[in-house]
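All remarks here apply to the structure that follows.
2 protein chains.
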Amino acid sequence: MKRIAIDMDEVMADTVGHCLNLYKSDFDITLSPDQLHGRRLWDVVASEHWDHVRDYFEREEFFAGISIMPGSQDVLRELTNEYEVFVATAAMEVPCSFSAKFEWLQRHFPFIPTSHIVFCGDKSIIAADYLIDDNVRQLSRFGGEGIIFTAPHNVGEQRFRRVNSWEDVRALFLGVEAQTRNP
Amino acid sequence: MKRIAIDMDEVMADTVGHCLNLYKSDFDITLSPDQLHGRRLWDVVASEHWDHVRDYFEREEFFAGISIMPGSQDVLRELTNEYEVFVATAAMEVPCSFSAKFEWLQRHFPFIPTSHIVFCGDKSIIAADYLIDDNVRQLSRFGGEGIIFTAPHNVGEQRFRRVNSWEDVRALFLGVEAQTRNP
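Residue numbers (numbering that gives the first Met the number 0), protein chains in the order written: chain A, 0 to 182; chain B, 0 to 182.
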């Protein structure tokens, strides 16, 4: 059985979306997906708000409020029938997130055993056939095949097979076309 | 540069020793290493105390009090000059330990970058050339060469190259005999 490792933020979890919601609520400034195209969060948030936004990630409750990415639950459940599925998240960058990330996964993806959750830093440590990730640096270091999950900041990247959605993940790994299943 | 993954409990951290100290303090019962020979903690602790001892692991402060294994700091520091060193600990079994384990590593092994710390469950996910671990189940699933670090419960195991101490680790990986360095 082949093994797929899945990144959490921006792949399973709409972390940036949650940030933008908080930012709108705090400053009444709406940042659209169009504005993020080809850019990182820090490129579009006003520099005088950087510290404020950075503080979001220091709050444990921040992670509990993050929405799941559309389709991720259904497709991940299907993938577990045909692949070994591991979650690999770069949690070491935000140590205050450990418990909240673990609880979030338990709540939204209870069918993934805790033994298949990995908190790491450098994803070159992940032994898997595939890594689905939005982060180009992590994909570059990974030893298997990196599959890039589209996020606004990575749209210019050409080195990896690309999936734009969980429907694309389903089509790529389960050979099921999105339009067949969702006529 | 080859990569070595190192288990934490019973290899870097004297977790069982800390348990036995607490047990002695709570019940005035001394359990010696001889009594543990070839057995697990649960084989030597009276069954009416199992819940009490199990509760040790549910307390976050338990992990802060654990001693480091003799020689581990010096040898690990030396290993980082010639190998990529990662710490791989099965923290998912004890989610309350995340922060305490991270802080313990930061305090005692500050020369290991946080990007090289991995909290996992099943160590078959670890991509490394070697895994030094006391746990036979984890060593069996690991894809590289497993090196067994002697602990009372694993003394009967014959399938892996064995190290009895950090001096043995130094000799095996750095080709330096213990007696030469510590005349």
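C-beta: ideal position from N, C-alpha, C; glycine also.
Here the structure is a predicted model, which means the values were calculated and not measured.
Spatial neighbours of residue i in its chain, beta-carbon cut-off 7 angstroms, leaving aside the 5 residues before and after
i: P32/B; result: P151
i: N68/A; result: Sequence inspection shows Met at residue 68/A; the Asn mentioned does not correspond to that position. Here the set comprises V10, M11, A12, D13 and W165.
i: V168/A; result: V74, I131 and V162
i: T179/A; result: Confidence in T179/A is poor, its pLDDT being 48 and thus under 50, which makes the residue's placement unreliable; the coordinate value appears in the next sentence. Correct list: empty, nothing qualifies.
i: G70/B; result: S164, W165 and E166
i: P156/A; result: Before going on, a small fix: residue 156/A reads as Glu here, not Pro. Closer than 7 angstroms at the Cβ level, and outside the excluded window around E156/A, lie V135 and I147.
i: H107/A; result: I67 and Q72
i: P182/B; result: Residue placement at P182/B is flagged as unreliable, the pLDDT there being 38, under the threshold of 50; a coordinate-derived value is accordingly withheld.
i: F110/B; result: R76 and T79
Identified DSSP bridge partners for residue i
i: I116/B; result: V86/B
i: E144/B; result: Y129/B
i: R184/B; result: A question about residue 184/B goes unanswered here, because the residues of chain B that appear run from 0 up to 182.
i: D8/A; result: A12/A
i: I67/A; result: A12/A
i: I3/A; result: V84/A and Y129/A
Beta-carbon proximity list for residue i, same chain, < 6 angstroms, skipping 5 on both sides
i: V93/B; result: F56
i: F148/A; result: V10, I131, D133 and V162
i: D128/B; result: K1, R2 and G143
i: L30/A; result: L19 and V43
i: Q34/A; result: V43
i: A12/A; result: I65
i: F61/B; result: Y55
i: E83/A; result: M0 and R2
i: R160/A; result: I146
i: Q137/B; result: K122
Beta-carbon separation (whole angstroms), residue i vs residue j, contact threshold 8 angstroms
i: V135/A; j: H36/A; result: Not really, about 16 angstroms apart at Cβ, beyond 8 angstroms.
i: A99/A; j: A63/A; result: 6 angstroms
i: L78/A; j: F172/A; result: 6 angstroms
i: H115/A; j: G145/B; result: Wrong, their Cβ atoms sit about 20 angstroms apart, outside the cutoff.
i: I65/B; j: T113/B; result: No, I65/B and T113/B are not in contact; Cβ-Cβ is about 19 angstroms, not under 8 angstroms.
i: F97/A; j: I124/B; result: Contact flag wrong, Cβ pair sits at about 17 angstroms.
i: T88/A; j: D8/A; result: 7 angstroms
Own chain residues within Cβ distance below 8 angstroms of residue i, not counting five before or after
i: C185/B; result: With chain B covering only 0 through 182, there is no way to say anything about residue 185/B.
i: M91/A; result: F118, C119 and G120
Listed by chain order, chain D residues near residue i by CB distance under 7 angstroms
i: F110/B; result: As a matter of chain content, chain D is missing from the structure shown, whose protein chains are A and B.
Contact list for the segment 112–134 of chain B against chain A, Cβ threshold 8 angstroms: P112, T113, S114, H115, I116, V117, F118, C119, G120, D121, S123, I124, I125, A126 and A127
Three CB pairs or more closer than 8 angstroms across the segment 57–75 of chain B and the segment 38–58 of chain A: no
Residues of the segment 87–99 of chain B whose Cβ lies closer than 9 angstroms to any Cβ of chain A, in chain order: A87, A89, A90, M91, E92, P94, C95, F97 and S98
Positions along the segment 49–62 of chain A whose CB lies within less than 7 angstroms of some CB in chain B: none
Residues of the segment 141–156 of chain B with Cβ closer than 7 angstroms to any Cβ of chain A, in chain order: G142
Interface positions of the segment 10–28 of chain A facing chain B (Cβ-Cβ less than 7 angstroms), listed along the chain: none
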